[in-house]
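Remarks on the structure that follows.
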Amino acid sequence: MARHKMEETFGGYVLHNVPFPTELDEEVLARLKEMAPILIEQPYSITYLHSYGQDSPWFAGLTNGCLLANRDPETGYTYATPRGHDMYTGNETDWIEIPAEGVVHAFTVCHFGSEEFLPETPYVLVQVEFPGVDTLFLARLVGVDPAEAGTDWIGMKIKGRFRRLSKFKPTDLYFYPAD
Amino acid sequence: MRPVYAVSGGVSKFAKARPDKTFPALVKEAYDYAIDDLGLTHRQFLEIVDGSVASYFSDHFARQLMAAIMAQDYLGLCPKPSHRVEGGGATGGICFQEAWKAVASGYMDVCLAYGFETMSHVATWKGNEFIALASDVSFDYPVGGFYSGYYAMMVTRHMKEFGTTPEQMAHVSVKNHMNAYHNPYAQKRQKLTIADVRNAPMVAWPLTRLDICVMSDGAAATILCSEDGLAKLEKAGGRRIPRVRVTGIGRGTDAMRMADRPHQSYDDFLKYNLLPIEDTAETRTYYQNLWARGFRYPGVHSFRAGRMASKEAYKNAGVTDPAGEIDFVELHDAYTSSEIQTYEDMGLCRYGEGGFFASTGQAFMPTVDYGLDLPEEPVCPVNPSGGLIACGHPVGATGLMQAVFAIWQLQHTIDKHFGDATLQVPDAQRGAIHSHAGTGTYVTVSILEKED
Chain A
118 MARHKMEETF
128 GGYVLHNVPF
138 PTELDEEVLA
148 RLKEMAPILI
158 EQPYSITYLH
168 SYGQDSPWFA
178 GLTNGCLLAN
188 RDPETGYTYA
198 TPRGHDMYTG
208 NETDWIEIPA
218 EGVVHAFTVC
228 HFGSEEFLPE
238 TPYVLVQVEF
248 PGVDTLFLAR
258 LVGVDPAEAG
268 TDWIGMKIKG
278 RFRRLSKFKP
288 TDLYFYPAD
Chain B
996 MRPVYAVSGG
1006 VSKFAKARPD
1016 KTFPALVKEA
1026 YDYAIDDLGL
1036 THRQFLEIVD
1046 GSVASYFSDH
1056 FARQLMAAIM
1066 AQDYLGLCPK
1076 PSHRVEGGGA
1086 TGGICFQEAW
1096 KAVASGYMDV
1106 CLAYGFETMS
1116 HVATWKGNEF
1126 IALASDVSFD
1136 YPVGGFYSGY
1146 YAMMVTRHMK
1156 EFGTTPEQMA
1166 HVSVKNHMNA
1176 YHNPYAQKRQ
1186 KLTIADVRNA
1196 PMVAWPLTRL
1206 DICVMSDGAA
1216 ATILCSEDGL
1226 AKLEKAGGRR
1236 IPRVRVTGIG
1246 RGTDAMRMAD
1256 RPHQSYDDFL
1266 KYNLLPIEDT
1276 AETRTYYQNL
1286 WARGFRYPGV
1296 HSFRAGRMAS
1306 KEAYKNAGVT
1316 DPAGEIDFVE
1326 LHDAYTSSEI
1336 QTYEDMGLCR
1346 YGEGGFFAST
1356 GQAFMPTVDY
1366 GLDLPEEPVC
1376 PVNPSGGLIA
1386 CGHPVGATGL
1396 MQAVFAIWQL
1406 QHTIDKHFGD
1416 ATLQVPDAQR
1426 GAIHSHAGTG
1436 TYVTVSILEK
1446 ED
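Residue numbers (my numbering), protein chains in the order written: chain A, 118 to 296; chain B, 996 to 1447.
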């Protein structure tokens, strides 16, 4: 186990040379195969211009305190997470407004996370079940004690709250216990 | 379709980091082992092999587009035909099946399938970010994109539906780490207790660090061939190759976002997803009772893609009673929870019985002492190699690693390759390999059988 180990991090020294034999005879050349590998850091960053495409009204709704969902006009099958076309009929779906109130369908407490989210740990993820809606919605849950995680959280009534300062991300809507 | 044989394989040593070699050289390590096991030199194999299929998962980890052609080039296989496949965690399984298709269709007589991943090139938490990019970047990733979190959510629902416990999951961890103790290729060879697993640092409740596979560098290669190809390989190598035939493949898919997975009715489950072994009055009643309690399928607790892949592979291979007719399974245990869920998808037990199947010892090896009090005899050993949890999971290589270990099991050569016969499944005649991508989006199942 890694309990008595310091975390390995990047950010090594800038290195401009390494030891190398001064005389290269046959034996020395053969021994180059035993050399330790050279590892160099290669930074890489890029900014993408990501389009939400046909799902854009949903994000605009969150920014304005409104939760939208998609519904198949023929069957009424309703998607909590936006979907431009229905998976069964192939129809283009319509927009409807739904109340930001539901129950916890599944959850976890993340004590670690991807690099981007590590500073936010521990955080609670939930799949939200909305009444009359056929699919679920992934969101953050606040207002529960991460140390008290248990399957009795499933079925908990929760309410949505919209961020005042929108980030144009699904996290513009998050949930808290209703009771 | 023509008969297809899986004749040989090789696996590089899986490790947290392999800075001693570039990724093409890692593939070469696995390839050299595979051809050497056939008694062939590279020049001899080159005369016979028709082409290849390559697999690696992530262009982000590689930071090298067209990485597959660099492996093809380094192996010396140019200008023979090849292509790269990608399907998340199932990439290796898909690669194996694409090589199968190349041979079964008559396109090739001998096809090499190779795969690799070098995940050590970024820090672990950046690596988790890369992996999480294999979830919807509009709706899933920004909420807290972390695969361990996704699988943890799935298992909390499994726990709620069926009463599955973290201790049952810990049994899987103990089993797989202990199996790997006898596998020299494995990354983590550890003797653990249930308490060790539960007391390890919590990653995403209820999954601890010992419930989750680690990042790895590694490569694997297998050689598939037709009957004509087999004759050519045997003639060149001057030896008879123990017959292992790939008797059936199957593949399934499901919605990228687990939130979008259906919650089907009982009738739809019967119509589309029921396995023949489950089609009895008793099991129908069992499932009817689940539905009466509010269970819906697949929801987020079950992998419909895994069920459909199994169903198709069993049909093609003529398997009707999976637990009774398959001698071992190498399945995609990226998480202890997903191993339990997969027992059910593959029909080793019914939906809801996976936790019990794990903790009672039915998936354990009869030849290994786990230090656990297991009430049942092993029924079908699962992950005798140690699986992903203990062997490591260099994504593009993983599904092929499973194929290699399955070939060796069915050739009865585990002792030769591991230097230890402990993990040889006694009298193994038929095995299944199962490769699985992110939250159950792509799943492959292939059946391999010993032939005399």
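Cβ coordinates follow ideal geometry from the N, Cα and C atoms, glycine included.
At 7 angstroms on the CB atoms, spell out the chain A contacts of residue i, in chain order.
{"i": "residue 1147(B)", "result": "225"}
{"i": "residue 998(B)", "result": "Those do not exist, as residue 998(B) stays about 37 angstroms from chain A at its closest Cβ, beyond 7 angstroms."}
{"i": "residue 1151(B)", "result": "223, 224, 225, 268 and 271"}
Compute the distance between the beta-carbons of residue i and residue j, then report whether it is under 8 angstroms.
{"i": "residue 1141(B)", "j": "residue 227(A)", "result": "yes"}
{"i": "residue 1438(B)", "j": "residue 1298(B)", "result": "yes"}
{"i": "residue 1402(B)", "j": "residue 1034(B)", "result": "no"}
{"i": "residue 243(A)", "j": "residue 221(A)", "result": "yes"}
{"i": "residue 1075(B)", "j": "residue 1238(B)", "result": "no"}
{"i": "residue 1379(B)", "j": "residue 1355(B)", "result": "no"}
{"i": "residue 1185(B)", "j": "residue 1166(B)", "result": "no"}
{"i": "residue 224(A)", "j": "residue 241(A)", "result": "yes"}
{"i": "residue 252(A)", "j": "residue 288(A)", "result": "no"}
{"i": "residue 1053(B)", "j": "residue 1110(B)", "result": "no"}
{"i": "residue 998(B)", "j": "residue 1222(B)", "result": "yes"}
{"i": "residue 1099(B)", "j": "residue 1048(B)", "result": "no"}
{"i": "residue 1375(B)", "j": "residue 1358(B)", "result": "yes"}
{"i": "residue 277(A)", "j": "residue 186(A)", "result": "no"}
{"i": "residue 192(A)", "j": "residue 202(A)", "result": "no"}
{"i": "residue 1077(B)", "j": "residue 1101(B)", "result": "no"}
So which residues of chain A does residue i contact, with C-beta pairs closer than 9 angstroms?
{"i": "residue 1286(B)", "result": "Correct list: empty, because the minimum Cβ distance to chain A is about 16 angstroms."}
{"i": "residue 1154(B)", "result": "268 and 271"}
{"i": "residue 1058(B)", "result": "159 and 161"}
{"i": "residue 1444(B)", "result": "Residues of chain A passing the Cβ test: none, with the nearest at roughly 36 angstroms."}
Identify the contact partners of residue i in chain B, using a Cβ-Cβ distance below 9 angstroms as the criterion.
{"i": "residue 172(A)", "result": "1133 and 1134"}
{"i": "residue 242(A)", "result": "1138, 1139, 1141, 1144, 1145, 1147, 1148 and 1199"}
Starting from the beta carbon of residue i, find every residue of chain B whose beta carbon is closer than 8 angstroms, and list them in chain order.
{"i": "residue 128(A)", "result": "Near residue 128(A) there are no residues of chain B at all, since even the closest Cβ is about 10 angstroms away, more than 8 angstroms."}
Chain B partners of residue i, CB-CB under 7 angstroms?
{"i": "residue 247(A)", "result": "Chain B residues near residue 247(A): none, gap ~11 angstroms exceeds 7 angstroms."}
{"i": "residue 252(A)", "result": "1254 and 1255"}
{"i": "residue 256(A)", "result": "1138"}
{"i": "residue 154(A)", "result": "1014 and 1015"}
Between which two residues does the beta strand (DSSP E) containing residue i stretch?
{"i": "residue 1113(B)", "result": "1105-1113"}
{"i": "residue 222(A)", "result": "218-227"}
{"i": "residue 1439(B)", "result": "1437-1446"}
{"i": "residue 246(A)", "result": "240-246"}
{"i": "residue 234(A)", "result": "Per DSSP, residue 234(A) belongs to no beta strand (DSSP E) and is neither H nor E."}
{"i": "residue 206(A)", "result": "Where residue 206(A) is concerned, there is no enclosing beta strand (DSSP E), given that its DSSP letter is neither H nor E."}
{"i": "residue 174(A)", "result": "Per DSSP, residue 174(A) belongs to no beta strand (DSSP E); it is in the alpha helix (DSSP H), 173-180."}
{"i": "residue 125(A)", "result": "Neither: residue 125(A) is in no beta strand (DSSP E) and is coded neither H nor E."}
{"i": "residue 1302(B)", "result": "Segment 1299-1312 is the alpha helix (DSSP H) holding residue 1302(B); no beta strand (DSSP E) there."}
Which residues mark the beginning and the end of the alpha helix (DSSP H) in which residue i is found?
{"i": "residue 212(A)", "result": "Residue 212(A) -> not in any alpha helix (DSSP H); beta strand (DSSP E) instead, spanning 211-214."}
{"i": "residue 1229(B)", "result": "1222-1232"}
{"i": "residue 1390(B)", "result": "1390-1406"}
{"i": "residue 1156(B)", "result": "1142-1157"}
What in chain A is Cβ-close to residue i, meaning under 8 angstroms?
{"i": "residue 1169(B)", "result": "Within chain A, no residue comes near residue 1169(B); the closest Cβ sits about 15 angstroms away, beyond 8 angstroms."}
{"i": "residue 1403(B)", "result": "Here the premise fails: no neighbours, minimum Cβ distance about 30 angstroms."}
{"i": "residue 1127(B)", "result": "231"}
{"i": "residue 1295(B)", "result": "222, 223, 244 and 253"}
Report yes or no: is there a C-beta of chain D within less than 8 angstroms of the C-beta of residue i?
{"i": "residue 1123(B)", "result": "You won't find chain D in this structure, because its protein chains are A and B."}
Counting pairs of beta carbons, one from the region 1229-1238 of chain B and one from the region 1078-1085 of chain B, are three or more of them closer than 8 angstroms? no
Output needed in chain order: residues of the region 261-295 of chain A with a Cβ under 7 angstroms from some Cβ in chain B. 266, 268, 271, 286, 287 and 288
Which of the residues in the region 169-201 of chain A, read from start to end, lie with their CB under 8 angstroms from any CB of chain B? 169, 172, 196, 197, 198, 199 and 200
Could you say if the region 1381-1396 of chain B and the region 1265-1273 of chain B meet the contact criterion of at least three C-beta pairs nearer than 8 angstroms? no
What residues in the region 998-1027 of chain B bring their beta carbon closer than 7 angstroms to a beta carbon of chain A? 1014 and 1015
Which of the residues in the region 226-238 of chain A, read from start to end, lie with their CB under 8 angstroms from any CB of chain B? 226, 227, 228, 229, 230, 231, 232, 233, 234, 235 and 237
Closer than 7 angstroms, Cβ to any Cβ of chain A: which residues of the region 1347-1377 of chain B, in chain order? none
Under 8 angstroms: do the region 1300-1309 of chain B and the region 1244-1263 of chain B share three or more Cβ pairs, one atom per stretch? yes
If the cut-off is 9 angstroms on Cβ atoms, which residues from the region 1188-1207 of chain B count as contacting chain A, listed in chain order? 1191, 1195, 1196, 1197, 1198, 1199, 1200, 1201, 1202, 1204 and 1205
Pair every Cβ in the region 1111-1126 of chain B with every Cβ in the region 1197-1215 of chain B, then say whether three or more of these pairs are closer than 8 angstroms. yes
Contact between the region 274-293 of chain A and the region 253-262 of chain A (3+ Cβ pairs under 8 angstroms): yes
Looking at C-beta atoms only, is the number of pairs between the region 1334-1354 of chain B and the region 1151-1168 of chain B that lie closer than 8 angstroms three or more? yes
Are the region 1127-1145 of chain B and the region 230-239 of chain A in contact at 8 angstroms, needing three or more beta carbon pairs? yes
Scan the region 1101-1120 of chain B for residues whose Cβ lies nearer than 7 angstroms to a Cβ of chain A and list them as they occur along the chain. 1118 and 1120
Given a limit of 8 angstroms on CB to CB distance, which residues of the region 1408-1435 of chain B reach chain A? none
Okay, do the region 1060-1072 of chain B and the region 1018-1032 of chain B touch, 3+ Cβ pairs below 8 angstroms being the bar? yes
If you pair each beta-carbon of the region 1248-1265 of chain B with each one of the region 1280-1297 of chain B, do three or more pairs fall below 8 angstroms? yes
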